[in-house]
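S.K.: Residues in the sequence shown are numbered consecutively from 27, following the numbering used here.
The beta-carbon is built from N, C-alpha and C at its ideal position, and this holds for glycine as well.
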Amino acid sequence: MYHQPTTRVPGGTTFSRELSRMSGVALPLAGAYLAELAMYSITKVVVGRLGYVELAATGLSGDITFEILAVLFGYLSIIGVMVAEADGAEDRATTRHRARQGFIVATLLAIPGTILIWNLDLIFPHLGQRPEVVALTGPFLAGVAPSALPLLWFTALRNVVSALNRARAVLMVTLAAVALNTFLAYALILGSFGFPALGLFGAGLAISISTWAMFLGLVILIRLDGFFAPYQFFDSLPTIDWPHCRSVFRLGLPVAGIVILEGGLFAAVALLMGSFGAEALATNNIVFTWIATAFVLVLGLSEAVMVRVARWTGVGDRVSARRAGLIGIGLTITIMSVLAIVPLVFSEQIVAIFLEPDDPALPAIMETAASLFIISAFLGVFDGLQAVASRALRGLRDTLIPMWIAAVGYWLVGIGGGVLLAFEFGFGPSGLWMGLAGGLMVTGVILTWRFIKRTRIPAPDMTEAVPSETQAK
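#1: With the cut-off set at 8 Å, would you say T327 and L357 are in Cβ contact?
#2: Between the region 292–305 and the region 84–100, can you find at least three pairs of beta-carbon atoms closer than 8 Å?
#3: Roughly how many angstroms separate the alpha carbons of F453 and D251, rounded to a whole number?
#4: Mind checking which residues open and close the alpha helix (DSSP H) that includes D113?
#5: For F404 and P369, what's the separation of their Cα atoms in angstroms?
#6: If we call anything under 8 Å between Cβ atoms a contact, is A508 one with V51?
#7: Might you give, ordered along the chain, the residues of its own chain that have their beta carbon closer than 7 Å to the beta carbon of A211, omitting 5 neighbours on each side?
#8: Compute the Euclidean distance between the alpha carbons of L411 and E288, then round it to the nearest angstrom.
#9: Using three-state DSSP, classify D261 as helix, strand or coil.
#10: Thinking just about the alpha-carbon of each residue, which of D424, F408, G457 is nearest to the one in G435?
#11: For G100, which option in D385, M240, G128 has the closest C-alpha, if you only look at C-alpha atoms?
#12: Considering only residues of the same chain and omitting the five flanking positions on each side of S494, which have a CB-CB separation below 6 Å?
#13: Since A308 and L81 should fall inside the 8 Å C-beta cutoff, what is the C-beta to C-beta distance between them, to a whole number of angstroms?
#14: With three or more C-beta pairs closer than 8 Å as the rule, is the region 411–426 touching the region 473–481?
#15: Of all Cβ atoms in chain C, is any one closer than 8 Å to the Cβ of G228?
#16: Expressed to the nearest angstrom, what Euclidean distance is found between the alpha-carbon atoms of F321 and I401?
#17: Determine, using beta carbons only, whether L447 and G465 come nearer to each other than 8 Å.
#18: Between T469 and A432, what straight-line distance do the alpha-carbon atoms span, to the nearest angstrom?
#19: Whole alpha helix (DSSP H) runs in the region 396–474 with 4 or more residues, listed along the chain?
#20: Quick check: what's the CA-CA separation for L244 versus P176?
#21: For T481, which of helix, strand or coil comes out of DSSP?
#22: Around the C-beta of D15, are 16 or more other C-beta atoms found within 10 angstroms, so that it is buried, or is it exposed?
#23: Any idea what DSSP makes of N191, helix, strand or coil?
#24: For A395, which residues in the same chain have their Cβ closer than 7 Å to its Cβ, ignoring the five residues on either side in sequence?
#25: Verify whether the separation of the beta carbon atoms of L419 and R480 is less than 8 Å.
#26: Considering only residues of the region 317–373, which uninterrupted alpha helix (DSSP H) runs meet the minimum length of 4 residues and lie entirely inside it, listed in chain order?
#27: Give the secondary structure of I248 by DSSP, where H, G and I count as helix, E and B as strand, and everything else as coil.
#28: Just verifying my parser: in three-state terms, what is the DSSP assignment at F221?
#29: With distances taken Cα to Cα, identify the nearest neighbour of H270 among W338, R126, I367, F219.
#30: Confirm, please, whether the CB-CB distance from I266 to I137 is below 8 Å.
#31: Please report the Cβ distance between V196 and P54, rounded to the nearest whole angstrom; I am assuming they are in contact, meaning their Cβ atoms lie under 8 Å.
And the structure:
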């Protein structure tokens with residue numbers, strides 16, 4: 027339930043002040059998310075030099091891997107909400123306890139996550155994927171699976187430092203990790219700089235090494251930053267508080283459900299696209315990489331909105347929580363509308379980044395990509411809208427109903443409509459993306475409406491303030 031105002035006068039912030047504080051969290055996070063995505067994107071670019079089948083295999087296994095991890099990230103995101111609430115209420119002991127338990131939850135989630143990622147190549151043949159693509163996914167998965175544990179530890183710490191408005195440290199270590207990953211990608215995939223050429227296994231291994239470096243770098247920065255000293259996050263080994271861990275899993279389950287529904291939506295489109303052949307799947311990977319790049323720019327803003335709404339929830343200020351959410355929603359629509367112009371103007375240049383000019387599949391991929399980029403311009407706006415509205419509601423601990431809204435929007439409208447358009451009405455790959463766009467639009471609009479409704483300020487009861495005519499007499 028949403029806390030009523032208790033310790034602070036409602037409206038304890040202004041538009042400009044909230045925008046400034048939100049930007050202080052959002053900009054470093056956006057840069058960090060973009061850098062994290064760059065690891066997978068750079069890997070795809072380098073793998074594309076090996077051929078479009080290798081690109082299809084890496085794109086399929088990499089995208090599914092990332093979606094699995096994103097589900098686990100959803101569980102961990104509730105830690106940021108809980109830490110922001112406690113810190114907003116100036117309860118340092120609870121802040122420390124919640125952060126440390128979040129690290130334990132991340133460890134527990136990493137075990138099944140690693141096992142599942144390592145064995146995805148056993149599942150792909152049962153999902154209708156082409157044998158020549160599936161055969162190449164195993165080496166990549168073996169290399170990338172060890173990245174799950176450090177990435178979940180890093181995510182738990184990232185949620186904590188973001189909730190405490192210290193997101194700049196996240197950006198610093200992530201940028202360094204991207205530089206390391208770029209070097210390792212060329213070295214381990216192609217055998218540059220005197221290293222052995224390991225192909226797709228080297229692609230996964232480069233990501234794993236970079237992720238471990240990223241996690242260790244964030245730990246070092248936290249230890250060196252005097253701001254975190256009073257919280258004593260690392261002063262002793264944490265003991266497991268099972269009731270609190272169960273609370274995290276309970277609150278995080280609907281969040282993970284939303285991520286499963288959203289991630290499953292894109293994964294299902296990728297799998298369905300595979301039925302049109304390796305060329306269509308490679309095209310989908312290229313266009314999806316652009317969509318993901320644009321999306322992470324507002325993902326940082328969405329996460330900032332979540333912690334700002336949660337912080338104001340912690341002090342019981344409904345007016346400021348509403349203001350934070352609406353600022354984030356307005357900024358997201360503006361940013362994604364501007365970014366929608368890019369794929370319309372530079373579609374050929376984006377495709378050229380991934381494939382060699384003499385690749386035999388280039389003409390067919392270029393033609394399909396042109397139509398998908400048009401749809402992506404519309405899709406991106408509503409993808410950003412549903413992301414920020416969902417996280418604004420998450421800051422209110424409102425997660426169960428948004429999960430069901432996502433289920434209807436993503437799957438009934440998105441996948442259901444996409445399958446009909448692609449296979450029944452003959453629109454092919456474009457039909458799948460049209461359904462995807464429709465599902466995101468429905469979900470984004472309804473979630474935004476729900477946030478506005480949940481944070482509406484009740485009108486004052488005038489019957490108590492104004493004497494009735496009988497009382498006056």
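M.R.: Checking against the coordinates, here is how it stands:
#1: Taking the first residue of the sequence shown as position 1, residue 327 is located at position 301. Taking the first residue of the sequence shown as position 1, residue 357 is located at position 331. This sequence places Leu at residue 327; Thr is not what is there. Yes, the pair counts as a contact, with Cβ atoms nearer than the cut-off.
#2: Taking 8 Å as the limit for Cβ pairs, the verdict is that the region 292–305 does touch the region 84–100.
#3: Counting from one through the sequence shown, the residue named residue 453 turns up at place 427. Counting from one through the sequence shown, the residue named residue 251 turns up at place 225. For F453 and D251, the distance between alpha carbons rounds to 55 Å.
#4: Residue 113 sits at position 87 when you count from the first residue of the sequence shown. 78–114 is the extent of the alpha helix (DSSP H) around D113.
#5: What you label residue 404 is simply residue 378 of the sequence shown in a count that begins at 1. What you label residue 369 is simply residue 343 of the sequence shown in a count that begins at 1. About 11 Å.
#6: In the structure as shown, the chain starts at 27 and stops at 499, and residue 508 therefore has no counterpart that could be examined.
#7: Reading the sequence shown from its first residue, position 185 is the one you call residue 211. Closer than 7 Å at Cβ, skipping near neighbours: I68, T69, V72, A229, A232.
#8: For the purposes of this step, residue 411 is identified with residue 385 of the sequence shown, where counting begins at 1. For the purposes of this step, residue 288 is identified with residue 262 of the sequence shown, where counting begins at 1. C-alpha separation (whole angstroms): 13 Å.
#9: Taking the first residue of the sequence shown as position 1, residue 261 is located at position 235. Coil, per DSSP.
#10: Within the sequence shown, the letter at position 409 stands for residue 435. It is F408 whose Cα lies nearest to the Cα of G435.
#11: Numbered from its first residue, the sequence shown carries residue 100 at position 74. Comparing Cα positions, the closest option is G128.
#12: As a working note, residue 494 is residue 468 in the sequence shown. Note that S494 has pLDDT 43, beneath the 50 cutoff, so the model's placement of it is unreliable and no number is given.
#13: Here residue 308 refers to the residue found at position 282 when the sequence shown is read from its first residue. Here residue 81 refers to the residue found at position 55 when the sequence shown is read from its first residue. That belief holds up - the Cβ atoms of A308 and L81 are roughly 5 Å apart, short of 8 Å.
#14: yes
#15: Absent here is chain C; the protein component of the structure consists of one chain.
#16: Locating residue 321 in the sequence shown gives position 295, counting from the first residue. Locating residue 401 in the sequence shown gives position 375, counting from the first residue. Near 15 Å, if we compare the C-alpha coordinates of I401 and F321.
#17: Position 421 of the sequence shown, counted from the first residue, corresponds to residue 447. Position 439 of the sequence shown, counted from the first residue, corresponds to residue 465. No, these two residues do not count as a Cβ contact at 8 Å.
#18: Residue 469 sits at position 443 when you count from the first residue of the sequence shown. Residue 432 sits at position 406 when you count from the first residue of the sequence shown. Using only the alpha carbons, I get a separation of about 6 Å.
#19: 426–432, 442–445
#20: As a first step, residue 244 must be located in the sequence shown, where it is residue number 218. As a first step, residue 176 must be located in the sequence shown, where it is residue number 150. For L244 and P176, the distance between alpha carbons rounds to 11 Å.
#21: Along the sequence shown, one-based indexing puts residue 481 at 455. If DSSP states are grouped into helix, strand and coil, T481 belongs with coil.
#22: No answer is possible for residue 15: it lies beyond the span of the chain, which begins at 27 and ends at 499.
#23: Within the sequence shown, the letter at position 165 stands for residue 191. Reduced to three states, the DSSP call for N191 is coil.
#24: Within the sequence shown, the letter at position 369 stands for residue 395. Cβ neighbours of A395 within its own chain (closer than 7 Å, five residues either side excluded): T309, I312, V313, S373, V377.
#25: Position 393 of the sequence shown, counted from the start, is the residue given in the question as residue 419. Position 454 of the sequence shown, counted from the start, is the residue given in the question as residue 480. Yes, the pair counts as a contact, with Cβ atoms nearer than the cut-off.
#26: 344–365, 367–371
#27: For the purposes of this step, residue 248 is taken as residue 222 along the sequence shown, with counting starting at 1. In this structure, I248 counts as helix in the three-state DSSP scheme.
#28: The residue given as residue 221 occupies position 195 in the sequence shown. Coil, per DSSP.
#29: Taking the sequence shown and counting its residues from 1, one reaches residue 270 at position 244. Here the closest residue by C-alpha is R126.
#30: Position 111 of the sequence shown holds residue 137. Position 240 of the sequence shown holds residue 266. No. Outside cutoff.
#31: Translated into the one-based positions of the sequence shown, residue 196 becomes position 170. Translated into the one-based positions of the sequence shown, residue 54 becomes position 28. With a Cβ gap of about 6 Å, V196 and P54 count as contacting.
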